[in-house]
Amino acid sequence: MFVLPVTQRLHKSQGLSGKWKSSSDWLQTHSLQSIGLSLSQLRYQGTIKTLARSDGSLTRQLEISDNAVREYESELYQAIELYHGKMRWLNQGSMKVFGLVKGSRVGVIVDVSDANCTEERLVDLQVNLLALIEEQLICKRQLYLLSFGTESNSLWDSPVDVNPFRLQQARRWVEELRAGGGCNVLQALKKGFGFGCAQLDYLVLIVGSSPNQSSDVLIEYIEQCMLGRLLSIHAVSYCSSSPVTIHIVKTLAEVVRGRYHIFSASLGIVGSSTDMDLLWAEVKAARELVFDIETLRQGQLGDLAVTVPQQIWTELRCVPDSPSLPESLNHNAPLCIKPPGIQPTSSACWLKSHGLRAKRLGLYQVLSSNAYSSLDKFVPVLNKSVSSTVLEKAMMQCEWHDGTVKNVHVELPSLLNYQRRLLSVMCVLERRVSWLGTGSWHIWGSVCEQRVQVLVDLSVLNSDLSIHIRLSLRVLLEEQLANKHAFNIISFGSVVRPWRENMVPPTAENLQEAWQWVLGLQCTGSKNTLAVLRQALEGSLHGASSHPSSPPNPPLSQGLYLFTSGVPDQEMDAVCSYVSECCSGRPLCLHVCLFPGKGTDTQNRWEAGVAPPTRYTTKDETAGALRQLAQAGNGRFHWISETGILDSDDISALIAEMEKAASYWQKSSMLVESLIQRAGCQCPGNGAAAPSPVVWRHKDGPLPPPRPTTLSLARLKSKESGKESSRDAVLTWRPCSAKAAIPPAQPMIGWSPVGANVKQKKELEVSQSVFYLEDGNNFGVVFKSFPKPKSAWKSYPPLTLPKQEQICSTKQWLKHFGIKKLKLDLHRLVSGPDCTHQKNLIPTVYKTVSSKYCSSFPSVHINGAIRHLLLTPKELHQYLTQTERLLQRYTQRLRWLLSGSRSMFGVVLEREVCILLDVSGSMAIHLGELRKHLACLVWDQLYRNRVRFSLLAFSEEVKVWRPTLQEPSEEACWDAVLWAGQLITHGGTRTLEALQTACGFGERLGMYVLSDGKPDSSCSLVLTETEKLTSGKHITIHTVSYNCTDSVANDFLMKLAHQTSGRYHLCPDDAEALIIGDFLSIDSDGDEPVLPSFEGDDLRSLAQEIEKLRCFRKQALAFREIISVKKHPETK
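Rendered as structure tokens:
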């Protein structure tokens, strides 16, 4: 059956008349349901029979032909490819940025706020809007354009008919767009929903920054305006990373049943959209049907038993099942070999000449020339050490990469130029990432070496993917091997089959001959990976020096590319050791390319006795083993799946560089913003140019003399007497030892520095006017301006909190993410020298009186001292926002500590541990619960985190599960759980003997002692002997108190843990668990219950930090209220 290409089917489905359809309209005729691809449709093609079982019961069995199943599966794959083609079509041109614009009478409302129309973003916005006009709006009937910032401005008063003249006006309007203040979305919507625009049937709202109004206000207004109107709304989030903007766009589309589109310019992809979500849902449903087909082949479909007669059928293998694998081509056609080009390099080598460090674009590299560390010097007169001070507007404090704080002189033009260069490097990195996702680079990565050997896995497990393997080799031969010095291809299953005994030059004849050899390969046998590695490493490469085309000295780089779908048959440790030994000290690398295999077919073949079972059951374990093999061979790892590239060392290096560039951009933007706020100037390009910090300016002429008075005449006489001013005296002085040839410095008459003198800057902070009174020469002073209070808040970057939990103690975790480390201690923010409440002793009245200006500032009591609040409401809002995020992260960490086996045993930190279980007579009532928690510990922490372990039970005697530490394999874990299930409780508690036995497992060990009481021997004796046992060894003892209410026993367990720098853990009881559940189920701003007083070290430290953060938040809310009342006394 002839099948049209995807693009032709799409054009046919869309129609050539220009009437494009959205995904919802298109899926009405192309969804799985509409084209009849459902399980019920497949059942109709078979026959359901009722059969009698041996026990007399009846069962239903579905018998369906293999051709029907194959044809149904083929149609599913074609549907998946059709949906992927639709997605690619939606990712073209202006549809990628703004989505598909429907309707015939369209209104476009564009956000031109300052945040969305910066110097860099405005050009991209104009280019994208022009593309929208040329590609989509040109075919509409009527058009209405409106831009909004603080105010709204429309191109026309009402919608106009589309013609060449109106389109030219629209293009000119786009080119003249400029930044216009805030983001007043409500005013723009009022104008867009106005009476003059009542005939519109489609409204496109493009938002690039956070609106001035809340989402509730906007949605309520739109709902009222939409009553009785047939108007569709298309909301677009343009290059915005703000969660508020994205939330408003999605909520708006959901409420009015419109459509939304989210575009991220930094990633160059569509973040989310209504059209893409519908298509992905269909793709997901199709893949679930594919999985059902695999289940059907195993003989089961729901409650039906299925029989599928096997037939030989090979046509399906020519249909690709995913966009990540190449499509079928004419095998007999000659190769289309690309001409040799520049020798490619890996991303790590490429970054050495094109990365941030090579371009000298590291932020600390740029700032290092003007960065100075703070100095502390002892002043004998003051009898204390004094820190150096820096001019506030000339120097800024910046946290350095080593954790220190340095004073940095920031120049605004150089920072803006640095940001432009940073953006250009980001674009280059994005282009390389896109290039690595095309052609053969998508499958193989970048083939960099000059002498290449390709090792292809053709085991029987890959028989279903033989076509894809051949086509992958074809694109490699066509695109990447023509510029090499020599190459060879070796296939392997159970037997190794090389194409040539030695490597040959990649001429056109040799490449074509290699392709014909590939076409004759068949998938047989198992994965004898070690044999093919031996032949490649010990055969061709060792004999290369005697070959006529042997490389000159120094030798050419040599690379092996292992193309496989699973791990070797041999032990991975042996293979990795062999590869590491062969590749060390030689210009040789082993790269691993992992492609997706068929796990279900593998299981069926194993049951049939055709192929051996796979040694790793999950994809992640397989990828981890092959990544380890690539690292042993000094190579790179590349992993593709049905949906694209899952992991690639080349792309990971580029993404890490892009993340570093994004971090530099964020920090430099904060420096620019802080500099603009402190200097009170505007960014060049967005307004008036920033004034130079030091400008020598000539005075145009002398100022007019003042009115002669008695006071000024006295000063004039003093000047005429020949006394020089202190400034002139300083300028004309020279040392006695100076030579006569050096003339003395002359004062500069008629010139004065502007903005460079610190004293002038301080004097200009207070502006006053002097006037004479009517009675005599008395005069008065009027103060026009006062010095502004300095802010106690320093702008810090947004919190960078880990999303995944780290396996470490709470003490170590808080060293990186505690309140003090993140500089969110509220008391420190209001305890600076500028916040001190000054009191002076008045000798005449013999009492201490506050300064006059103290009443101008709001004051609070902090730790028994009065402090002035110099924080603004905006800064307090920023503080509350960051602490709210931190409180949510602490709650997440607490929830993690109380989940799974961590609630009973705590977090297992070490890589080698011994679990000591108290099975004395007092543990009898808790034995069943202990077994359950121990099984959870084994699977949840030991097996998952690959921790070597052993178990030990003690009562009257000590029982050991294994005499040595065991690897956490599945067999060992099952055996440990079964061994624990056979334990019985009896006798006393021989804690000391258990500790002595456990110390024999090694000198680097973590012990986890679980007990419910005191030992039989003296507690002090156990502590003393334990200190002797662990002296000179890296042994850490962690103790767990299990349902123990004896304070003496708990104190003993705590001392035993703290003696070896371990942790003490007390399992929370039922009442505490109830309180904790209430705490974890409420919001941070609600009525917060008091956390229980945890006794365990990890839980207690985190709970104390949570309570401290809660206290700071309550105080910050109170401070904000005090400041509000101080500024607006009438609201008191």
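According to numbering that gives the first Met the number 0, the sequence shown is numbered sequentially starting from 0. Every residue, glycine too, gets a C-beta built ideally from N, C-alpha and C. Only a predicted model underlies this, so the values are computations on that prediction, with no experimental measurement involved.
Test item: CB-CB of Val459 and Phe562 under 9 Å = no
Short Cβ contact (9 Å threshold) for Arg1119 with Leu886 = no
Return the CA-CA distance between Cys348 and Ala530, expressed in angstroms with no decimal places.
-> 31 Å
Which whole runs of the beta strand (DSSP E) in the segment 56–123 are 3 residues long or more, in chain order?
-> 57–62 and 104–110
Classify Gly180 as helix, strand or coil using the three-state DSSP reduction.
-> coil
Using DSSP with H/G/I as helix, E/B as strand and the rest coil, what is Pro872?
-> helix
Output the distance between the C-alpha atoms of Leu555 and Leu26, rounded to the nearest integer angstrom.
-> 55 Å
Which of helix, strand or coil does DSSP assign to Phe192?
-> coil
Three-state secondary structure assigned by DSSP to Met1053 | helix
List the DSSP bridge partners of Pro962.
-> Its beta-bridge partners do not exist; DSSP assigns none.
Any chance you could list the beta strand (DSSP E) runs of at least 3 consecutive residues sitting entirely within the segment 139–174, in chain order?
-> 141–147 and 151–153
Quick one: residues in its chain with C-beta nearer than 6 Å to the C-beta of Cys522, no 5 flanking neighbours on either side, listed in chain order?
-> Leu457, Val459, Asn461, Ser462 and Ser465
What is the DSSP secondary structure of Cys1066, reduced to helix, strand or coil?
-> coil
N-terminal and C-terminal residue of the alpha helix (DSSP H) that Ile261 is part of = Element bounds for Ile261: not the alpha helix (DSSP H) but the beta strand (DSSP E), Arg258 to Ser263.
Are at least three pairs of beta-carbons, each pair with one atom in the segment 981–990 and one in the segment 895–913, less than 8 Å apart?
-> no
In whole angstroms, what separates the C-alpha of Ser372 from that of Thr403?
-> 8 Å
Taking contact to mean at least 3 C-beta pairs separated by less than 8 Å, is the segment 648–662 in contact with the segment 396–410?
-> no
Straight-line Cα distance separating Glu74 from Gln309 = Confidence is the limiting factor: at Gln309 the pLDDT is only 47, short of 50, which leaves the residue's position unreliable and the question unanswerable from this model.
Pick out whichever of Gly980, Arg943, Val206 and Ser949 has its Cα sitting closest to the Cα of Leu929.
-> Gly980
CB Phe486 to CB Ala513, shorter than 9 Å?
-> yes
Have a look at Asp340 and Ile132 and give me their C-alpha separation to the nearest angstrom.
-> Here residue 340 turns out to be Gly, not Asp, going by the sequence shown. Approximately 39 Å between the Cα atoms of the pair.
Should the segment 655–674 be called in touch with the segment 424–434, which here means at least 3 C-beta pairs below 8 Å?
-> yes
Residue ranges of each alpha helix (DSSP H) within the segment 621–678, 4 or longer = 648–678
Roughly how many whole angstroms lie between the Cα atoms of Leu360 and Leu136?
-> 41 Å
Residue range of the beta strand (DSSP E) that includes Asp568 | Run containing Asp568: none; DSSP gives neither H nor E here.
Helix, strand or coil at Leu559 according to DSSP, with G and I counted as helix = strand
By DSSP, does Ser921 sit in helix, in strand, or in coil?
-> helix
From His1033, Val409, Gln198 and Leu217, pick the residue whose C-alpha is nearest to that of Tyr363; which is it?
-> Val409
Out of Trp155, Phe147 and Cys138, which has the shortest C-alpha to C-alpha gap to Val161?
-> Cys138
Extent of the continuous beta strand (DSSP E) to which Lys376 belongs | Asp375 to Val378
Per DSSP, the bridge partner or partners of Ile232 = Leu202
Quick check: the segment 142–152 against the segment 179–197, are there 3 or more CB pairs under 8 Å?
-> yes
Can you list, in chain order, the residues of its chain whose CB lies under 7 Å from that of Cys935, leaving out five sequence neighbours each side?
-> Gly899 and Ser900
First and last residue of the beta strand (DSSP E) that includes Asp456?
-> Arg450 to Asp456
So what does DSSP say about Cys592, is it helix, strand or coil?
-> strand
Counting pairs of Cβ atoms below 8 Å between the segment 72–90 and the segment 206–218, do you hit three or more?
-> no
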